[in-house]
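**Q**
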Amino acid sequence: MPRRHPGRCGRDPEAGAEKVAQPETTDNKSLGLTLQPLTSELRTQLKIDKSVQGVVVAKVDPNSDAASRGLRTGDVILQINQRAITSPQVAAEVINGVKKDGRSVVVILLQRDDDRLNVPVKLKADK
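Take 543 as the starting number for the sequence shown in the working numbering and just add one per residue.
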């Protein structure tokens, strides 16, 4: 049966539980990024191989160092400071550890299309 409101509330009522259970995004204000888990739907949309593990950049704060360094929506963060990032929560743990150690820069290994890039990013200071 055709849907009458295909864009209503951003949900497709015929898509089943996978869309409804879609994980929410997580803001990482220190990085200036909003991150979300790499779901099977995102893998398909972004054409990411199943062997790739990481988190997807859902949004970039335009005033952040990440933005000035060229990070963009759709990038997949694979590692931060050589630690594998498997969820937004793991990313937050790594960032918190860096800040506890008194450091203010991290190196992000990201995948964009078929390229892998190392990008140093300065963390925002806590207010």
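From the three backbone atoms N, C-alpha and C, an ideal C-beta is built for every residue, glycine too. On a predicted model such as this, the values are computed, not experimentally measured, just so you know.
List the endpoints of the continuous alpha helix (DSSP H) containing residue 611.
**A** Where residue 611 is concerned, there is no enclosing alpha helix (DSSP H), given that its DSSP letter is neither H nor E.
**Q** Looking at residue 661: is its Cβ nearer than 8 Å to the Cβ of residue 585?
**A** No, Cβ-Cβ distance for residue 661 and residue 585 is not below 8 Å.
**Q** Please list the terminal residues of the continuous beta strand (DSSP E) segment that includes residue 601.
**A** 597–602
**Q** Looking at the strands, I want to know which residues DSSP matches up with residue 625.
**A** As computed with DSSP, residue 625 is found in a beta bridge with 622.
**Q** With 16 as the cutoff for other CB atoms within 10 Å, does residue 649 come out buried or exposed?
**A** exposed
**Q** Which residue comes first and which comes last in the alpha helix (DSSP H) that contains residue 638?
**A** Its alpha helix (DSSP H) spans residues 630–642.
**Q** If you run the structure through DSSP and keep just helix, strand and coil, what is residue 586?
**A** helix
**Q** Helix, strand or coil, according to DSSP, for residue 658 in the structure here?
**A** strand
**Q** Using CA atoms only, rank isn't needed, just tell me which of 620, 607, 609, 637 is closest to residue 659.
**A** 620
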